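Have a look at the structure below, then the notes.
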Amino acid sequence: MINLVGHHIKIEAMKILLVFISFLFLGSSNVLHQDTILKIDKHGNLLGLPKKYSPAKFDLAAKKLRIKDKEVVFPECVSKYFDRSFHSKVVLSASWYHETRFLPYYLNFRIGEDNAKGYTILINLETLELIYVNKHLVIRDTIQDSEVDLGQQCSAAYRSAIKTVY
Numbered sequence: 004m005i006n007l008v009g010h011h012i013k014i015e016a017m018k019i020l021l022v023f024i025s026f027l028f029l030g031s032s033n034v035l036h037q038d039t040i041l042k043i044d045k046h047g048n049l050l051g052l053p054k055k056y057s058p059a060k061f062d063l064a065a066k067k068l069r070i071k072d073k074e075v076v077f078p079e080c081v082s083k084y085f086d087r088s089f090h091s092k093v094v095l096s097a098s099w100y101h102e103t104r105f106l107p108y109y110l111n112f113r114i115g116e117d118n119a120k121g122y123t124i125l126i127n128l129e130t131l132e133l134i135y136v137n138k139h140l141v142i143r144d145t146i147q148d149s150e151v152d153l154g155q156q157c158s159a160a161y162r163s164a165i166k167t168v169y
């Protein structure tokens, strides 16, 4: 007599295991993904981006960003996050080599005194559109990230501040 029930359960378990392993391999590129850290030279040039994004400049004092033929002067409702603390530092990173199905290529401004608290401003690298502003805190080994609600007026002000330059 053949035990078909036990055989069927083993096949189902193997199918589930294969699906799980497939998710691990398919998702591993995002799990292993790491942003490229950018540098700003003394002239405000962003170093580390591919040439197709040139010119790339950021002026912290003027709160102005230029990537290729797009430029934005951050409106006060966004630029205030750069001024939250006298001792804040800005770390720039970017990603232009990931799958864009869920997130476009982006420029990431990480603003804060240390890794324990601060803000993240994520910007579409191609269009300079604002993706989000997040506030982050670390409390007892727990990272708390929450999106900042900028409101419709701020979002509209930001969108209208994006210009095409030649």
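Its first residue numbered 4, the sequence shown is counted upward by one per residue in our numbering. For glycine and all other residues, C-beta sits at the position ideal for the given N, C-alpha and C. Just so you know, these numbers come straight off a predicted model, no measurement behind them.
L131 and D62 have their alpha carbons spaced roughly 15 angstroms apart. Taking the C-beta atoms as reference points, T39 is found no nearer than 8 angstroms to G47. Rounded to whole angstroms, P58 and N111 show a C-alpha spacing of 17 angstroms. Counting only runs of 3+ residues, the beta strand (DSSP E) found wholly inside the region 37-107 occupies 39-43, 59-62, 67-70, 73-76, 92-98, in chain order.
Counting the other Cβ atoms within 10 Å of the Cβ of R143 gives fewer than 16, which makes it exposed. Classified as exposed, P53 has fewer than 16 neighbouring CB atoms from the shown chains inside 10 Å of its CB. The three-state reading of DSSP puts Y161 in helix, counting H, G and I together.
In the DSSP assignment, T145 falls within the beta strand (DSSP E) that extends over 145-150. According to the DSSP assignment, Y135 belongs to the beta strand (DSSP E) that extends over 133-142.
By the neighbour-count criterion, in which 16 or more other beta carbons inside 10 Å mark a residue as buried, A65 falls on the exposed side. Short of 6 angstroms from the beta carbon of K120, and not among the five residues preceding or following it, lie these beta carbons of its own chain, in chain order: L140. Ranked by Cα distance from T123, the first of E74, V81, D72, K71 is V81. By the criterion of at least three beta-carbon pairs nearer than 8 angstroms, the region 70-86 is in contact with the region 145-162. The shortest C-alpha to C-alpha distance from V151 to any of I165, E102, V93, L125 is the one to L125. For Y122, the enclosing beta strand (DSSP E) starts and ends at 120-127. Nearest in C-alpha terms to V94, of all of R113, K138, K71, is R113.
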